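Written below as structure tokens is the structure these notes are about.
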Amino acid sequence: MHVEWDENKNLTNQSKHGVSFGLAQEVFGDPLALSRFDRFEDGEGRWQTLGIIERVVLLLVIHTVRHHEDEEIIRIISARKATAHERRQYEKG
369 MHVEWDENKN LTNQSKHGVS FGLAQEVFGD PLALSRFDRF EDGEGRWQTL GIIERVVLLL
429 VIHTVRHHED EEIIRIISAR KATAHERRQY EKG
């Protein structure tokens, strides 16, 4: 798995939500992470993944997934701390 992002979007996201994409990519290492398809936009599928980072912070990461040869490539679009409702969803599994 390879994770990528646009650096300008990363800086905007850090300013708006206080979360860097470098930190957000850690949700993909959470064995209990929940991913669900969200919608098609700009010709690509958008996914939402809820996952824990730093053992305590629950993030919602919006991303795309594509495959190149044998590698999965995830492109982060945005990331923020999860809402109380999203936290309950994560806890239910």
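Residues 369 to 461 in our numbering are what the sequence shown spells out, letter by letter.
The C-beta atom is built at its ideal place from N, Cα and C for all residues, glycine as well.
Just so we're clear, the structure is a prediction, and the values are computed from it rather than from any experiment.
Around the CB of Thr451, fewer than 16 other CB atoms lie within 10 Å, so the residue is classed as exposed. Contact check for Phe389 and Ile444: beta-carbon distance about 5 angstroms, within the 8 angstroms limit, so the pair qualifies. The C-beta distance from Val395 to Gly419 rounds to 3 angstroms, short enough to meet the 8 angstroms contact threshold. Going by beta carbons, His370 and Glu439 fall inside the 8 angstroms limit. With respect to the 8 angstroms criterion, Tyr458 and Leu402 are classified as neighbours on the basis of their beta carbons. DSSP places Arg423 outside any beta strand (DSSP E), giving it a letter other than H or E.
Residue environment: Val429 is assigned as buried (16 or more neighbouring CB atoms within 10 Å of its CB, all protein chains considered).
Membership of Ala392 in the alpha helix (DSSP H) is indicated by the continuous run Phe389 to Ala392. The C-beta distance from His431 to Trp415 rounds to 5 angstroms, short enough to meet the 8 angstroms contact threshold.
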